[in-house]
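In terms of the working numbering, the sequence shown opens at residue -1 and continues consecutively.
Cβ coordinates follow ideal geometry from the N, Cα and C atoms, glycine included.
Computed from a predicted structure; not experimentally measured.
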Amino acid sequence: MSATDQETKTDAPTTEIDKEVERGQAVAIEEDGGAWQGDVVDWAGEDDVEKPLNWTNQRKIKQILVICYNTFLTPLGSTMFAPAIQQVMTTFHSSNPLLASFVVSVWVLGYFFGPLVIGPLSELYGRLPVYTVCNVLFVLANVATALAPSLGSLIFFRFLAGTFGASPITIGAGSFGDLIKPQHRGGVIAIWSLGPLLGPILGPIAGGYLGEDAGWRWICWVLAIAAGVGSVATVIFQEETYPVVLLERKAARLREETGNEHLTSALAGAKMKPREIFARGIIRPLRLLALSPIVASLSMYQGLVYGFMYLLFTTFPIVFQYQYGFRTGTIGLTYLGMGAGSLIGLVWGGVWSDRLYKKKAKEGAGAWKAEYRLLPLVPGCLFIPVGLFWYGWSAQAKVHWIVPIVGTMFMGVGVNMVMVRHPSALLETMLIKRQMCIITYIIDSYPLYEASASGALTAVRSLIGALVPLFGRSMYQALNLGWGNSLLGFLALAMCPLPWLFLVYGERIRTNPRFQVKM
-1 MSATDQETKT DAPTTEIDKE VERGQAVAIE EDGGAWQGDV VDWAGEDDVE KPLNWTNQRK
59 IKQILVICYN TFLTPLGSTM FAPAIQQVMT TFHSSNPLLA SFVVSVWVLG YFFGPLVIGP
119 LSELYGRLPV YTVCNVLFVL ANVATALAPS LGSLIFFRFL AGTFGASPIT IGAGSFGDLI
179 KPQHRGGVIA IWSLGPLLGP ILGPIAGGYL GEDAGWRWIC WVLAIAAGVG SVATVIFQEE
239 TYPVVLLERK AARLREETGN EHLTSALAGA KMKPREIFAR GIIRPLRLLA LSPIVASLSM
299 YQGLVYGFMY LLFTTFPIVF QYQYGFRTGT IGLTYLGMGA GSLIGLVWGG VWSDRLYKKK
359 AKEGAGAWKA EYRLLPLVPG CLFIPVGLFW YGWSAQAKVH WIVPIVGTMF MGVGVNMVMV
419 RHPSALLETM LIKRQMCIIT YIIDSYPLYE ASASGALTAV RSLIGALVPL FGRSMYQALN
479 LGWGNSLLGF LALAMCPLPW LFLVYGERIR TNPRFQVKM
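What follows is the structure, encoded as structure tokens:
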């Protein structure tokens, strides 16, 4: 029986065998002169307390809090190093601008490789073992970073930290899907999404003052300690939530208790072979990127925006230190402009989404189509080039420091519209629980391959996000701040027609047989 079949079972079994299966007990079905077949172990009905969806609120909250805490740490660590990067380069006697940027952005490269393995492993062995092992390795990677004897080893250990730290970002949403019913899931996802939203903004603030007062190595130590707390919390409070694994354990327990070796989980058919899982996690995203113009172009757009964001993160220290004389500690505060813009974008996107969803709900479910998810992007994408032009030329002219920071606020609004989901406050209905962003548009366009579509976006975003910042310092040296950021602004402006084009022609493209992706 498939997972889909399991969800659609009736609550009123018609036979005694069905009743036994619904109660999760082992049932022997004799056929062909006594051969045992069809022994199924299932949940004891839709209200089975062993089913993660039916756990108590207190039990669920423990899981949610630990996952959200660990999810916050990884984005925090990605930028926490940025204000102290000059200290790092001085320690290792290097003035290479490419390496200076790579020390920060290599963390994001881990987001490219980590999910390729973490996602499939969670489907093979369950969520909890993956969380536990990755958390421990994340702690060790940060300890190794703090003790790094050379710049090369520092970069390598930060790459490992990003790779292992990607686990809560990669499978966190899956855990919430195990725990929370769809009509109540949006609020939890919104809270969980605050980690990737606020982590990169708050990281430099903490890292700036910590680096100034205690040195750059203590940034790594503090992150390792915080990650250690998360690892301990995972061991103490987290439980396995993946239904496929839980029912398999139940079947194994009943096989041992009853001696019936024919017992199988009702979700056994949902468990694929390792080769199939890894093929789905790696090959399908590549096929989508190669064959779907929607996935390819929007992945590139989101990747460029992500890369521009990390380029600014890696160059804020040199801009505000040399242009305005900021100290290592106060440099961290310059990231608040983009943080404020992100929050404005989050509120604006949420309000806009609510209004749109109310309107479409009145018109009926048939009035909705996937392309409506792109509506906030049509004006929202313009904030990115405006912010880049504003920031670059005001910093070039050395006007008051608040002016370029206001420019980054505009950038933050646009980045939020492109990168972040906008949860609606009206999450209680099946139509209005939708969220508005590129990733949800692509998932809606390819509902059968939503994990692969999401994987394609993540891979491109992480790869470009790690590589684009490498050229930031050299670009500013060659073009200065004004024309350097204008170059980025013109690239962002060139991508702005994409949301409009797919809003108008997206449905025609994704339903065209020429662009149908068959796996």
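Straight through space, the alpha carbons of Arg512 and Leu196 are spaced by roughly 41 angstroms.
Going by DSSP, Gln475 is part of the alpha helix (DSSP H) stretching over 470 to 493.
Per the coordinates, the alpha-carbon of Ile169 lies some 7 angstroms from the alpha-carbon of Arg125.
If you ignore the 5 residues before and after Val384, its C-beta comes within less than 6 angstroms of the C-beta of Phe408, all in its own chain and listed in chain order. Note that the stretch 378 to 395 touches the stretch 475 to 489; at least 3 beta-carbon pairs, one per stretch, sit closer than 8 angstroms. Put simply, of Phe318, Tyr370, Gln475 the residue whose alpha carbon is nearest the alpha carbon of His398 is Phe318. Here the stretch 98 to 113 lies against the stretch 453 to 470, with 3 or more beta-carbon pairs under 8 angstroms apart. Thr262 carries a strand assignment under DSSP once its states are collapsed to helix, strand and coil. Annotated three-state conformation of Ala395 is coil, per DSSP. Residues Cys66, Thr69, Phe70, Pro73 of the same chain have their beta carbon placed closer than 7 angstroms to that of Gly193, with the five preceding and five following residues left out of the count.
Of the other Cβ atoms in all chains shown, 16 or more fall within 10 Å of the Cβ of Leu461; this residue is therefore buried. In the three-state scheme derived from DSSP, where H, G and I count as helix and E and B as strand, Ala164 is classed as coil.
Rounded to whole angstroms, the gap between the alpha carbons of Trp190 and Thr256 is 42 angstroms.
Tyr333 is a Cβ neighbour of Ile203, given a cutoff of 8 angstroms. Put simply, of Ser173, Val376, Met473, Tyr299 the residue whose alpha carbon is nearest the alpha carbon of Ile59 is Ser173. Annotation: the continuous alpha helix (DSSP H) that includes Leu310 extends over 291 to 320. The Cβ atoms of Gly463 and Tyr299 do not sit closer than 8 angstroms to each other.
Straight-line measurement puts the Cα of Ile403 at about 21 angstroms from the Cα of Leu302. Annotation: Asp45 to Leu51 spans about 9 angstroms, alpha carbon to alpha carbon. Of the candidates Ile400, Gly343, Pro291, Ile292, Ile400 places its Cα closest to the Cα of Phe324. Under the 8 angstroms Cβ criterion, the stretch 107 to 116 counts as touching the stretch 154 to 164, having at least three qualifying pairs.
For Tyr109, the closest C-alpha among the options Leu96, Gln85, Phe136, Leu496 is that of Phe136.
Annotation: the stretch 87 to 119 contains no complete segment of the alpha helix (DSSP H) (minimum length 4 residues). Boundaries cannot be given for Cys379, as no alpha helix (DSSP H) includes it and DSSP labels it neither H nor E. Nearest C-alpha to Trp346 among Lys367, Pro377, Ala368, Ile440: Pro377. Gly327 places its beta carbon less than 8 angstroms from that of Glu210.
Close CB contacts of Trp219 within its chain, under the 6 angstroms cut and outside five residues either way in sequence, are with Ala144 (chain order).
Taking the Cα positions, Leu486 is about 24 angstroms away from Leu200. With fewer than 16 neighbouring CB atoms inside 10 Å of its own CB, Pro147 falls in the exposed class.
Nearest Cα to Leu284 within the set Pro315, Ala451, Ala492: Ala451.
Gly405 and Gly343 do not touch by the CB rule: their CB atoms are close to 15 angstroms apart, not below 8 angstroms. About 7 angstroms separates the beta carbon of Gln85 from that of Gly213, a gap short enough to meet the 8 angstroms contact definition. For the 8 angstroms CB-CB criterion, Ala159 and Gly228 do not form a contact. At a Cβ-Cβ threshold of 8 angstroms, Ile292 and Ile507 count as neighbours.
The straight-line gap separating the alpha-carbon atoms of Ile217 and Val243 is approximately 38 angstroms. The straight-line gap separating the alpha-carbon atoms of Gln61 and Glu237 is approximately 7 angstroms.
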